[in-house]
DNA sequence: GTATCAGAGTTGTCTAGTCCATTTGCATCG
DNA sequence: CGATGCAAATGGACTAGACAACTCTGATAC
């Protein structure tokens, strides 16, 4: 019962022909190699610069090419695999053999939006801490992470977080709380100018957004976090087994 | 130790101002509402149609808007949550309360590429079955799934798959094999014209690509699958616990 | 030798416009 | 009343070009 869906040729946009041409080219080159300039491709492929740039933009978004303004366009390095585990960022990086660090970008006390309040099981407009951090591996920025926690449940959290880089360590040592279960969501989005700046990429480039809603042993919500990763640099990896 | 990264205003592209304007507008409207046409926005925001379209394209890619040629641009429905489990597509859909179906697009015997051979632990250029299927929930296409299995280990597989829609059922009943462990990868990509056509979306729109490398109880690789989901329509959901 | 500067070449952003494909609604015809 | 056909409006694809921002290199000055 094989469907004969579109046995006819697809209507293929011109920019996609350019993209396929470039994909073949990329396969023959090593990472770091220079590919022809936009204007050369415009002439070679008899098209406009806009069309060439659309093909290049998709390849950049897929992590196949890297563009450097003023310099040229290069074949990209392979993506980095990032495992999804119920451990802290710090432990996880060490396990994977990376030297990880964290920069605190912002830590403020604010009123919860309806969405945040519902997730943390607190009253709407109750006080929450919003902690924004930049995760780095081997010195290069990896993700922008924004955590929300109840200010009533964790009084003085910001002061502790400023001194200790690991949030999970603070939760364990100071508040005797450990997240043991979590529901994670994974979706795509486009980078805002702020995230693009922090992660050293372009506004609008595709991102992987990891949401984590974690709970303690009593089933109480502990934190709500979203982390923005560069979609052109990272692949998430999860291990599953049917034995549960 | 709060970093004062870019306390200065970001250089915000003009198209991003348009995008923010539209985001505010979307928040005030219900799903299905019509937003102003591209040409009206061009005048209202004193910009070019190219710039308006770039903002619209990102919002479409993020699942916030839907464009219908000849008709207009509309506020999109919320994304659909899709759980990641070690169960078959058929079971999984039933558990989530959806009526699922599958269309066999193509099923061929071919020689394994080096990559496929390595994943299936067979010799390079050995025979493999390549099975391409379209997954549908409630009648609308959800994902394009391509599976690779060793032709030597599962002789006659294609014939069985043509008769029975569930691959896992065939593996269990005919070959007495069950995948019990899997390593899943999740990354972003842009839709090719073929996938776009099958999933009723646009070439180049952002996709979530789920790779599954599954193993039987003896640790032997059973299949290598990649599934392409529309990034503007789906969110993957995974439950994690530290008790392992 | 070293530092500085100018210019050429690159990508980044944006504009204004053309032509095409599709949808929609209205007028017309039977 | 229904069906048909046409025209307007919409988004889709592409072109040609301007100017800005940035990088690199080579010539020049010290």
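Chains as they are written, first to last, in the numbering used here: chain A, 3 to 246; chain B, 3 to 246.
Don't be surprised by glycine CBs; every beta carbon is placed ideally from N, CA and C.
Taking the Cα of residue 214 (chain B) as reference, the smallest distance to any Cα among B:121, B:95, B:67 is reached at B:121. When the five nearest sequence neighbours on each side are left out, the beta carbons in the same chain lying within less than 7 Å of the beta carbon of residue 179 (chain A) are those of 173, 218, 224, in order along the chain. The Cβ atoms of residue 207 (chain B) and residue 63 (chain B) lie closer than 8 Å to each other. In this structure, residue 105 (chain A) places its C-beta atom within 8 Å of the C-beta atom of residue 136 (chain A).
Look at residue 190 (chain B): its C-beta is under 8 Å from a C-beta on chain A.
Contact between residue 82 (chain A) and residue 177 (chain A) fails: their C-beta atoms lie close to 33 Å from each other, not under 8 Å.
Assignment of residue 52 (chain B) by DSSP, reduced to helix, strand and coil, places it in the helix class. Between residue 154 (chain A) and residue 114 (chain A), the C-beta spacing is not below 8 Å.
The shortest C-alpha to C-alpha distance from residue 185 (chain A) to any of A:86, A:162, A:203, A:132 is the one to A:86. Just measuring C-alpha positions, the residue of A:165, A:27, A:41 sitting nearest residue 78 (chain A) is A:27.
Judged by DSSP in its simplified three-state form, residue 139 (chain A) adopts strand. DSSP, read as helix, strand or coil, puts residue 100 (chain A) in coil. Listed along chain A, the residues sitting closer than 8 Å to residue 186 (chain B) by beta-carbon distance are 239, 240, 241, 242. Under the Cβ distance rule, residue 80 (chain B) does not count among the residues neighbouring chain A, no pair being separated by less than 8 Å. Within the stretch 149–220 of chain A, the runs of alpha helix (DSSP H) that reach at least 4 residues and sit entirely inside it are, in chain order, 159–165, 169–177, 195–200. In this structure, residue 150 (chain A) places its C-beta atom within 8 Å of the C-beta atom of residue 226 (chain A).
For the pair of segments examined, the stretch 165–172 of chain A was found not to touch the stretch 187–203 of chain A: the number of CB pairs separated by less than 8 Å stays below three.
Residue 75 (chain A) is positioned such that its CB atom lies no closer than 8 Å to that of residue 20 (chain A). Secondary structure note for residue 23 (chain A): its alpha helix (DSSP H) is the uninterrupted segment 16–29. Under DSSP, residue 228 (chain A) shares a beta bridge with A:148, A:213. With a threshold of 8 Å between beta carbons, residue 147 (chain A) makes no contact with chain B. In this structure, the alpha-carbon of residue 216 (chain A) lies about 19 Å from that of residue 239 (chain A).
Under the Cβ criterion of 8 Å, residue 202 (chain B) is not counted among the residues facing chain A. Here residue 145 (chain A) has 137, 229, 230, 231 as same chain residues with Cβ atoms under 7 Å from its own Cβ, once five neighbours each way along the sequence are excluded. Counting along the chain, residue 78 (chain B) sits inside no alpha helix (DSSP H), nor does DSSP assign it H or E at all. Looking at the DSSP output, residue 108 (chain A) sits in a beta bridge with A:134. Among the bridge pairs identified by DSSP, residue 62 (chain A) is matched with none. When the Cα atoms are used, residue 147 (chain B) and residue 134 (chain A) turn out to be separated by approximately 37 Å. Residue 118 (chain B) carries a helical assignment under DSSP once its states are collapsed to helix, strand and coil.
Secondary structure of residue 83 (chain A) (DSSP, three-state): strand. Per DSSP, reduced to three states, the secondary structure at residue 235 (chain A) is coil, with no helix or strand assignment. Per DSSP, residue 43 (chain A) lies in no beta strand (DSSP E); the unbroken alpha helix (DSSP H) holding it starts and ends at 40–46. Within the same chain, and ignoring the five residues on either side of residue 84 (chain A) in sequence, the residues whose Cβ sits closer than 6 Å to its Cβ are 236, 238. Of the other Cβ atoms in all chains shown, fewer than 16 fall within 10 Å of the Cβ of residue 32 (chain A); this residue is therefore exposed.
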